[in-house]
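Engineer: Once you've had a glance at the structure underneath, I'll fire off some questions.
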Amino acid sequence: MKKRVLAGIRATGRLHLGNYLGAVKGMLQLQDDPQYETLYMVADAHTITTPFDVNELRKNRREVIIDYLAAGLDPDKSIIFQQSQVSEHFELAYYFSSVTTIARMQHLPTFKDKVKQYPHHTTMALLNYPVLMAADILVYKAGLVPAGLDQEPHLEVSREVARKMNQQYGMDFPEPVRLTTKGDYIPSLTGEGKMSKSVQGSYINLTDSVETIRKKIRSIPTATTAGGEMNPGVKSLFTFAELFIPNNVEQYKKEFSNGTLQFVTVKDAVAGAIYKQLEPLQLKRQQIEKDQAYVDKVIKEGAEKARTIASQTLKEVKEKMGLS
Ligand code: TYM
Numbered sequence: 054m055k056k057r058v059l060a061g062i063r064a065t066g067r068l069h070l071g072n073y074l075g076a077v078k079g080m081l082q083l084q085d086d087p088q089y090e091t092l093y094m095v096a097d098a099h100t101i102t103t104p105f106d107v108n109e110l111r112k113n114r115r116e117v118i119i120d121y122l123a124a125g126l127d128p129d130k131s132i133i134f135q136q137s138q139v140s141e142h143f144e145l146a147y148y149f150s151s152v153t154t155i156a157r158m159q160h161l162p163t164f165k166d167k168v169k170q171y172p173h174h175t176t177m178a179l180l181n182y183p184v185l186m187a188a189d190i191l192v193y194k195a196g197l198v199p200a201g202l203d204q205e206p207h208l209e210v211s212r213e214v215a216r217k218m219n220q221q222y223g224m225d226f227p228e229p230v231r232l233t234t235k236g237d238y239i240p241s242l243t244g245e246g247k248m249s250k251s252v253q254g255s256y257i258n259l260t261d262s263v264e265t266i267r268k269k270i271r272s273i274p275t276a277t278t279a280g281g282e283m284n285p286g287v288k289s290l291f292t293f294a295e296l297f298i299p300n301n302v303e304q305y306k307k308e309f310s311n312g313t314l315q316f317v318t319v320k321d322a323v324a325g326a327i328y329k330q331l332e333p334l335q336l337k338r339q340q341i342e343k344d345q346a347y348v349d350k351v352i353k354e355g356a357e358k359a360r361t362i363a364s365q366t367l368k369e370v371k372e373k374m375g376l377s
């Protein structure tokens, strides 16, 4: 039997470069590996764990699917679907919540961050976020998850849930691990923290034009002169250089050390290389946008295929837990 892979991205907007390098590139790599059966979803139900706008959610959910298709996810190779259309995820999350303590959830760094960000919106859904994520993965008995470094605490919870379900109820859940990649921590363009949709000025969208990308990369706060300790902005710029123009990095580092580096030269080279990678995706996106019926078909068929697998796991869990 093929090993299963599951990944997801919340419906908070169009995909940014962090999502692409941290998650989508790994998703593409595994889709083409015959050892794996790949399931890729838009995590629309996770989007309602923080304040949201109904119309935006509806729109963004579709944008993520279109971005997936533009990036090369292929419905003939992967099951592409919307999380909310496979209700088994939510039922399994409820069963999983019975083996998860409130204290464990309250101590997660991701939970604490969101509480700080939205102090008046500390909901049960937010507390339950990692439990739903465990259900997303384990409802397919997936053992491998292409995701960024920031998802590691959530995957740890998934492993704990799998262990408990196996010990207490004799299930055979795998303990899911993250597919690690070079791009699993993409820094913010502000030089502080990671690239994130919720931080203005921190990200590059996959649909940004070459001018926008150039402007955004130029805005990385580097120093006026090269040399000495690298500040956070310079470090970020070099991270992008390593990912997009690896052959030039050694030379640029030398120039940085001897004080001759022109930051704008590096910035424009990085921006050009990023656009070069994104241009084919943007062209493909334009084609897909014209065929909304195709997008509908992908979403509908994806949900059907996902449900077939998910319902088998649910049946088994209910039997083992004495609920059927
Ligand atoms: P989300 O929507 O925050 O991010 C989606 C994916 O993009 C990765 N990512 C990054 N990777 C590298 N550098 C960055 N700056 C960066 N920003 C985002 C994230 O690590 C993630 O892989 N909880 C998930 C959604 C989810 C999920 C799942 C993922 C729900 N259920 C099951 C995997 C499996 C999330 O919030 O992703």
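One rule links them: number in the working numbering = place in the sequence shown (from 1) + 53. Heads up, the beta-carbon is just placed ideally off N, CA and C, and yes, glycines get one too. All figures in this text were calculated on a predicted structure; none of them were measured in a lab.
1. On the three-state DSSP scale, how would you describe Met94?
2. How would you write the range of the beta strand (DSSP E) that Gln135 sits in, first residue to last?
3. Buried or exposed, going by whether 16 or more other CB atoms sit within 10 Å of the CB of Gly49?
4. What are the boundary residues of the beta strand (DSSP E) that Pro333 is part of?
5. In the structure shown, what three-state DSSP assignment does Pro199 receive?
6. Quick one: using the 10 Å Cβ neighbour count with 16 as the cut-off for buried, is Gln253 buried or exposed?
7. Using the Cα positions of Gln82 and Leu197, report the straight-line distance between them to the nearest angstrom.
8. Taking the alpha carbon of Gln159 as the point to measure from, which residue in Leu145, Pro206, Ala195, Gly125 has its own alpha carbon closest?
9. What do you reckon, is the C-beta of Ser249 under 7 Å from a heavy atom of ligand 1?
10. Enumerate in chain order the residues of its own chain whose CB-to-CB distance from Gly71 is below 6 Å, with the five nearest sequence positions on each side excluded.
11. Below 7 Å, is the gap between the Cβ of Gln345 and the nearest heavy atom of ligand 1?
12. If the criterion is Cβ atoms closer than 8 Å, does the pair Ile62 and Val117 meet it?
13. Using a Cβ-Cβ cut-off of 6 Å (strictly less than) and excluding sequence neighbours within five positions of Val351, which residues of its own chain qualify?
14. If you follow the beta strand (DSSP E) that Ile273 is in, where does it begin and where does it stop?
15. Between which two residues does the alpha helix (DSSP H) carrying Gly286 extend?
16. Run the CB neighbour count on Thr361, radius 10 Å, all protein chains shown included, and call it buried at 16 or more, exposed below.
17. On the DSSP letters alone, give me the boundaries of the beta strand (DSSP E) that Arg111 sits inside.
18. When DSSP labels each residue in this structure, what does Tyr238 get in the three-state scheme?
19. For the alpha helix (DSSP H) holding Ala215, just list the boundary residues, first then last.
20. Tell me whether Thr91, by its Cβ, gets closer than 7 Å to a heavy atom of ligand 2.
21. As a quick exercise: from Leu179, Pro229, Lys373, pick the residue whose alpha carbon is nearest that of Ala215.
22. Would DSSP call Arg231 helix, strand or coil?
23. Do the stretch 273 to 282 and the stretch 84 to 97 touch if we need at least three Cβ pairs shorter than 8 Å?
24. Determine the contact status of Leu122 and Ala64, defining contact as a CB-CB distance below 8 Å.
25. With a cut-off of 8 Å on the beta carbons, I'd call Thr243 and Ser255 a contact; round off their distance for me.
Structural biologist: Quick answer:
1. DSSP places Met94 in strand when its eight states are reduced to three.
2. Looking at the DSSP string, the run of the beta strand (DSSP E) that includes Gln135 is 131 to 135.
3. In this structure the chain extends from 54 to 377, so residue 49 is not present and cannot be described.
4. Per DSSP, Pro333 lies in no beta strand (DSSP E) segment; the continuous alpha helix (DSSP H) that holds it begins and ends at 316 to 342.
5. Strand, per DSSP.
6. Classified as exposed, Gln253 has fewer than 16 neighbouring CB atoms from the shown chains inside 10 Å of its CB.
7. Approximately 12 Å between the Cα atoms of the pair.
8. The shortest C-alpha separation from Gln159 is found at Pro206.
9. Yes, ligand 1 has a heavy atom inside 7 Å of this Cβ.
10. Result list for Gly71: Ile239, Met248, in chain order.
11. Answer for Gln345: no, Cβ out of range of ligand 1.
12. Going by C-beta atoms, Ile62 is nearer than 8 Å to Val117.
13. Listed in chain order, the non-local C-beta contacts of Val351 below 6 Å within the same chain comprise Pro128, Ile133, local neighbours out to five positions each way being set aside.
14. Boundaries cannot be given for Ile273, as no beta strand (DSSP E) includes it and DSSP labels it neither H nor E.
15. Note, Gly286: alpha helix (DSSP H), 285 to 297.
16. Label assigned to Thr361: exposed.
17. For Arg111, there is no enclosing beta strand (DSSP E); the residue is part of the alpha helix (DSSP H) that begins and ends at 107 to 124.
18. If DSSP states are grouped into helix, strand and coil, Tyr238 belongs with coil.
19. Unbroken alpha helix (DSSP H) run through Ala215: 205 to 222.
20. As far as ligands go, the structure on display features ligand 1 and does not contain ligand 2.
21. The residue among Leu179, Pro229, Lys373 with its C-alpha nearest the C-alpha of Ala215 is Pro229.
22. In the structure shown, Arg231 sits in a strand (DSSP, three-state: E or B).
23. As far as the Cβ criterion goes, the stretch 273 to 282 does not touch the stretch 84 to 97, which means the pair count is below three.
24. Cβ atoms of Leu122 and Ala64: not closer than 8 Å.
25. Between Ser255 and Thr243 the Cβ distance is about 5 Å, and since that is below 8 Å, they are a contact.
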